[in-house]
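A short worksheet on the structure shown next.
Protein chains: 2
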Amino acid sequence: MAARSSRSRKRLRRRRKVDRPLTIAVDAMGGDHAPAAAVQGALRAHEQGVPAIILVGDKAALTAELGPAGLPEGVTIRHCSEVVGMDEPPGQGLRRKPDSSINVCALLVRDQAADGMISAGNSGAAMGAALLRMGTVPGVERPAIATLIPSKQGRVVLLDAGANTDCKPSHLLQFARMGAVYAEVSLGIARPTIGLLSIGEEDTKGNELTKIANRMMAASLETFRGNVEGKDMVNQAVDVVVCDGFVGNVVLKTGEGFAELFAALLKAELARFPRLLEDQDLLQALRHFERKIDYAEYGGALLLGVRGVCVISHGRSGPKAIARAVEVAHEAAAGRVPERIAAAFTQGR
Amino acid sequence: MAARSSRSRKRLRRRRKVDRPLTIAVDAMGGDHAPAAAVQGALRAHEQGVPAIILVGDKAALTAELGPAGLPEGVTIRHCSEVVGMDEPPGQGLRRKPDSSINVCALLVRDQAADGMISAGNSGAAMGAALLRMGTVPGVERPAIATLIPSKQGRVVLLDAGANTDCKPSHLLQFARMGAVYAEVSLGIARPTIGLLSIGEEDTKGNELTKIANRMMAASLETFRGNVEGKDMVNQAVDVVVCDGFVGNVVLKTGEGFAELFAALLKAELARFPRLLEDQDLLQALRHFERKIDYAEYGGALLLGVRGVCVISHGRSGPKAIARAVEVAHEAAAGRVPERIAAAFTQGR
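Protein sequence lines, in the order shown, are assigned to chains V and R.
Residue numbering for the first sequence follows the numbering used here, starting at 1 and increasing by one per position.
Residue numbering for the second sequence follows the numbering used here, starting at 1001 and increasing by one per position.
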């Protein structure tokens, strides 16, 4: 354990010395709209400031997507011959397809040819590739998926959003520590406050898991603010909301469902007055509103606790969502999230 | 067990012979805005067609709320001297305050002086009073809270919305059976379809609880449609969505939070164009929209599996939400939900 920890610290230190622009590997073959959405999204992220991108996938297919303009400076293609299918069992896919785009992305990060990866492909395979190739940060029992969700004042970090369906209280405590590091980087907050998602604000409210986790978190996290309810979550009672991966995934998808439902209901009501749908001010206000509740704006989910940056996007991501996910990966790599989590766990913070 | 079951059937049969209009007991002392909201809400429900209502609470306080017009025909007051506080431990409150409005409501239902009760007071105490005074339907291991949530086509029954924080797979199966009965009555659907809330549509996706529950439900419920995700829930993939009470309560409150958040974000965007806020057509469309996403419109939550009708409302219910909760109780009593659940469990449906 000590040897592994020391080796990992060496690797994390070494990474900082690499002399090249921050580079994100994009699984260009993953997702419902690949490779078109992945290529367009990557190019858009590049235009918006991500300095270097490696498109990972079938060279002929990717070149065809690029058109006559070809590759802009800073964007390269790393050819690979295989793809893990969206519905393929993740473990099997990774074992049988070592030259798959997802696996190659993870290897590029492991070998420091890239500083982070994103995939809108098979999310189980993306998580598996990151775990297997990059390894976990010493001290982290279970990596967790962190995602940003809309809130009244801006954004809140929610984790675990789906990596661990059954958790122990100690896992939730670790999620809180990792989530705080991510909030520092993604929200730019010095000492992020932490809440435990439960069904009442009192410490005694919750299920068996959260009641114990509440006590553990209260005993060891200075910025722990106790339980928060689903309603408080979007009212920004805290910066980081912690829950198990089953609950987090349900909450995330319910939120997406409600966002779509509300947009549809609103449009149906407005459509009863055709004149309104031609009012330019109203249309502009609605566009701004939709952007604020559009999950695509919030980019992919970041896998915390692995020794590298891995962003997992929705299978149905379009170019906008892919671009945002690449930016999330770039931001996490620039903010050195894995290294900061390693430091936090070494200090037992 | 046989004796208890037979006694219960006798009581359920007897209830049908009572010769008086359907009567709902309203805990007029419960909730953040009691007694004003409870009294106004009850009167509104009466105007809207609930034939008989008993206001339960301090007679002087309730009379003061009524004003000079006094009680309309069909509405009566049942005086009681105590109130269980909103933050009082439920068990203690019920033990120490036998003449509390919540307890008296439950006794009125037990003694067939009323056909249902509603309370916006201490929800733990309301649930406890219903369990203790009315008892559970034979065969039901755990009563559950069912609530209607907005969806694309109308409404969906979600349960358990908070009665049981830690569940066994067999509990979820029972929730499904009770939820189906409630959907028949509240949604008017002959053979309601049932889904298990999980994190993927495949049977193998979920946590330890839902994976086993999925198999049990598939084996014994004809209208079971497998797992549904949070997103599918509001898209009306099924009529009844089943989950444990922790998840259900988190989902419900998250939905409420998102509804408020989206309304606030929309208003903020519209406010940038003051002209829009004076457009009568737009204002009317927004009112209709808000009504569709307003949880108050969906009334209280019905406790299923007890031998009587008990609706639990939000503590912060205003008159509109109380009126709707009284209507939900009336509808459940008229539809004989407890009797139908008893029949379903006797037939092992």
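Every residue, glycine too, gets a C-beta built ideally from N, C-alpha and C.
Report yes if the CB atom of residue i is closer than 8 Å to the CB atom of residue j, and no otherwise.
i       : j       : result
R:E1208 : V:D166  : yes
R:P1169 : R:I1118 : no
V:A176  : V:I194  : yes
R:A1146 : R:L1286 : no
R:V1326 : R:I1054 : no
R:N1164 : R:A1144 : yes
R:L1265 : V:L276  : no
V:V228  : V:Q174  : no
V:G230  : R:V1250 : yes
V:A301  : V:A161  : yes
V:P319  : V:A37   : yes
V:M134  : V:G308  : yes
R:M1233 : R:L1196 : no
R:A1321 : R:H1330 : no
R:A1334 : R:L1022 : yes
R:R1316 : R:D1032 : yes
V:I352  : V:A125  : The structure shown does not extend to residue 352 of chain V, since chain V spans only 1 to 349, so no value can be given for it.
R:P1035 : R:L1062 : yes
V:V337  : V:Y182  : yes
V:L94   : V:G128  : yes
What does DSSP give as the partner residues of residue i in its beta bridges?
i       : result
V:N207  : Answer is none; V:N207 lacks a bridge partner.
V:A301  : V:I312
V:E82   : V:S100
V:L196  : V:N227 and V:V242
V:I145  : V:L303
R:G1116 : R:I1024 and R:V1309
V:P150  : V:R155
V:T136  : V:V306
In chain V, which residues lie less than 7 Å from residue i when you measure between Cβ atoms?
i       : result
R:K1152 : L261 and A264
R:I1293 : F262 and L265
Is the closest heavy atom of the ligand COA to the C-beta of residue i under 7 Å?
i     : result
V:R44 : In terms of ligand content, the structure shown is empty, and the ligand COA therefore cannot be addressed.
Starting from the beta carbon of residue i, find every residue of chain R whose beta carbon is closer than 8 Å, and list them in chain order.
i      : result
V:T165 : I1199, G1206, N1207 and E1208
V:G162 : I1199
V:F175 : Under the 8 Å cutoff, chain R gives no residues; its nearest Cβ is about 16 Å from V:F175.
For residue i, which residues in chain R fall below 7 Å Cβ to Cβ?
i      : result
V:F289 : L1265, L1266 and E1269
V:V247 : V1247 and V1250
V:T193 : Going along chain R, no residue has its Cβ under 7 Å from V:T193, so there is no contact; the nearest lies around 17 Å.
V:G128 : By Cβ distance, chain R contributes nothing, its closest Cβ being about 15 Å from V:G128, past 7 Å.
V:E256 : K1231
Against residue i, what residues of chain V qualify as contacts under a CB-to-CB distance less than 9 Å, listed in chain order?
i       : result
R:F1345 : Going along chain V, no residue has its Cβ under 9 Å from R:F1345, so there is no contact; the nearest lies around 26 Å.
Considering residue i, what are the terminal residues of the alpha helix (DSSP H) in which it resides?
i       : result
V:C105  : S101 to R110
V:G31   : Unbroken run through V:G31: none, as it is neither H nor E.
R:R1155 : Counting along the chain, R:R1155 falls outside any alpha helix (DSSP H), though it belongs to the beta strand (DSSP E) covering R1155 to L1159.
V:P72   : That residue, V:P72, is in no alpha helix (DSSP H); it is neither H nor E in DSSP.
V:Q351  : Because chain V is modelled from 1 through 349, residue 351 of chain V falls outside the range shown and cannot be assessed.
V:I341  : V337 to T346
V:K320  : P319 to A334
V:A271  : Where V:A271 is concerned, there is no enclosing alpha helix (DSSP H), given that its DSSP letter is neither H nor E.
R:P1089 : From DSSP, R:P1089 is part of no alpha helix (DSSP H); its letter is neither H nor E.
V:A37   : A36 to E47
V:L172  : P169 to S186
R:A1129 : S1123 to A1129
Under 9 Å Cβ-Cβ, which residues of chain R neighbour residue i?
i      : result
V:K253 : I1199, E1229, G1230, K1231, D1232 and M1233
What are the boundary residues of the beta strand (DSSP E) that includes residue i?
i     : result
V:A52 : A52 to G57
>> Give me the subset of the segment 1272 to 1284 of chain R whose CB atoms are less than 9 Å from a CB atom of chain V, sorted by chain position.
In response: Residues of the segment 1272 to 1284 of chain R with a Cβ closer than 9 Å to any Cβ of chain V, in chain order: R1272, F1273, R1275, L1276, D1279, D1281, L1282 and Q1284.
> If you measure beta-carbon to beta-carbon, which residues of the segment 1218 to 1241 of chain R are closer than 8 Å to chain V?
Replying inline: Taking a C-beta cut-off of 8 Å against chain V, the contacting residues of the segment 1218 to 1241 of chain R are E1229, G1230, K1231, D1232, M1233, V1234 and N1235, listed in chain order.
> According to a CB-to-CB cut-off of less than 8 Å, which residues of the segment 1093 to 1122 of chain R neighbour chain V?
Replying inline: Of all residues in the segment 1093 to 1122 of chain R, none comes within less than 8 Å of chain V when Cβ atoms are compared.
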